[in-house]
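Mapped onto the numbering used here, the consecutive letters of the sequence shown carry residue numbers 23 to 182. I have placed the structure first, in the form of structure tokens, so that the comments after it can refer back to it.
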Amino acid sequence: MADGIRFDVSGLDGIRTKMAQVKREVNYKGGRSALRRAANVLRDQAQSNARRVDDHETETAIWKNVAVRWNGRAFKQDGVLAFRVGVLGGAQAGRSAQLGMSNPGGITWYWRLLEFGTSKMAAQPIFRPVPDQAGQKAVDVFARSFNQALDRVLAKQGAA
Numbered sequence: 023m024a025d026g027i028r029f030d031v032s033g034l035d036g037i038r039t040k041m042a043q044v045k046r047e048v049n050y051k052g053g054r055s056a057l058r059r060a061a062n063v064l065r066d067q068a069q070s071n072a073r074r075v076d077d078h079e080t081e082t083a084i085w086k087n088v089a090v091r092w093n094g095r096a097f098k099q100d101g102v103l104a105f106r107v108g109v110l111g112g113a114q115a116g117r118s119a120q121l122g123m124s125n126p127g128g129i130t131w132y133w134r135l136l137e138f139g140t141s142k143m144a145a146q147p148i149f150r151p152v153p154d155q156a157g158q159k160a161v162d163v164f165a166r167s168f169n170q171a172l173d174r175v176l177a178k179q180g181a182a
């Protein structure tokens, strides 16, 4: 499903010149903020998809456990800004799944069974359609937010 996804990344023309005018740390701060906003767009779409497939008669709720997390490992290893959108508690089962009792939606390790299906149940994707549904909106939000952050920094530098 994710094969051949294309996004129009317009509106980023002037960003390269602006990025060259500010320090790397400022680019990281503005980039991280803009990237989180874009990830939140994807999270909201995933939550909407999860609500569609959630069993409303049970106490657990997958949509409450869909979260955005900063990917510190990618940043420390390669300097790459990255956020992860996923389900709290992961895809674990058995004894370790009991650790998810404190999650807002309860223990929802079974989300992967809904996402990918089983031999006895068809898949009801939650995350796989998200790039098609909200990917372009996330790119637009990122471009707008990052451009605003750079404009703010350049205005401060000009005033100083």
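Note that the Cβ used here is the ideal one computed from N, Cα and C, for glycine as well.
- Per the coordinates, the alpha-carbon of A68 lies some 31 Å from the alpha-carbon of D173.
- With respect to the 9 Å criterion, N87 and P147 are not classified as neighbours on the basis of their beta carbons.
- E137 and T130 have their C-alpha atoms some 12 Å from each other.
- Within the same chain, I148 come within 6 Å of N71 by CB-CB distance, once the 5 residues on both sides are set aside.
- Bridge partners of R106 according to DSSP: R91.
- With a beta-carbon spacing of about 6 Å, R54 and L103 fall inside the 8 Å limit used to define contacts.
- Taking all protein chains shown into account, D77 has fewer than 16 neighbouring C-beta atoms within 10 Å of its C-beta and is therefore exposed.
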